[in-house]
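In our numbering, the protein residues as written are 21 to 334. By construction, the Cβ of each residue, glycine as well, lies at the ideal position given by its N, Cα and C atoms. Notes follow the structure.
Below, the structure written as structure tokens:
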């Protein structure tokens, strides 16, 4: 019996499900239970359970642990091409919708971004989508420390908007816009009067910084730059959400440094003033990210095109 026939017969006999074969493919491809679990967005116990199901069914270890990782058995090598073929057929031909009609769709889009990213992207995106696809529903998912690649691969997130230095080898990205850093101060600030300030002025002021020590945020570099220029004593307050900072700036003489597009929105909402930043901070480049597994998904393609239309200026 060929590996393909074995898989087909397995289905007829209530054999392992597609998820178990996905676990097999990821372990075979990556050679590691940890890496496979992350790639699929699963916990290691869940992945081990899938592997145990396959081992019982085929009465074979399939993978044995050695110094370099998980080594496939002879049977695993024979099964691997058929498993890959089955997964490819499911992903590319059976699960993919033949078309996406925005006007009639009731799909739930799961979009991940930071809290301040949500302020920038979501209102404009949803307002436009309401005109073109009124039946769509939205789940705005916060960015977390979890693997971006795993969340996109599992379908837990359709699209991510933000800045990532290492999103993962199977994550695709498209640049949307660049953004320089500027400063926010309150109207009537007693010392900062115009649209610019010198570095000496900047260093004499007290600052609020968003202390977000995570690779998905660009604000860590801002905090480091403020510390390098003005010292620890210049930090008047640390907050753990960017959206808290403008409330402090509006009621104090603190200065807050953030990206330009975000600062413009926060200034309008809180009656603040945007001032050029004297720090030598490189601009950031904001992207939209999606997994290669869904590169041809018509709905995700539609959403990507809409984001380019609304936000791209690169």
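Query: Is it true that the CB of residue 178 sits closer than 8 Å to the CB of residue 62?; Result: no
Query: Pick out whichever of 288, 55, 264 has its Cα sitting closest to the Cα of residue 189.; Result: 55
Query: Consider the C-beta atom of residue 58 and the heavy atoms of the ligand HEM; say whether any pair is separated by less than 7 Å.; Result: By its list of ligands, the structure shown contains no ligand whatsoever, and the ligand HEM lies outside what it can speak to.
Query: Is the stretch 251-263 touching the stretch 204-220 in the sense that three or more CB pairs, one from each, lie closer than 8 Å?; Result: no
Query: Measuring alpha carbon to alpha carbon, tell me which residue in 207, 84, 78 is nearest residue 53.; Result: 84
Query: Check residue 249 in the structure and name its three-state DSSP category.; Result: helix
Query: Report yes if the C-beta distance between residue 59 and residue 261 is below 8 Å; otherwise report no.; Result: no
Query: Would you identify the three-state DSSP class for residue 255, choosing helix, strand or coil?; Result: strand
Query: Identify which residue in 243, 48, 132 has its Cα closest to the Cα of residue 167.; Result: 132
Query: Does DSSP put residue 198 in a helix, in a strand, or in coil?; Result: strand
Query: Skipping 5 residues on each side, what residues in its chain have a beta carbon closer than 6 Å to that of residue 51?; Result: 89, 90
Query: First and last residue of the alpha helix (DSSP H) that includes residue 107?; Result: 94-109
Query: Less than 8 Å between C-beta atoms, sequence neighbours within five positions excluded: which residues of the same chain meet that for residue 235?; Result: Only weak support exists for where residue 235 lies, its pLDDT of 46 falling under 50; the value from the coordinates is given anyway. Here the set comprises 184, 185, 186.
Query: Pick out whichever of 109, 169, 150 has its Cα sitting closest to the Cα of residue 311.; Result: 169
Query: Does the count of Cβ pairs from the stretch 271-287 and the stretch 203-211 closer than 8 Å reach three?; Result: yes
Query: Would you decide whether residue 147 is buried or exposed? Buried here means 16 or more other CB atoms lie within 10 Å of its CB.; Result: exposed
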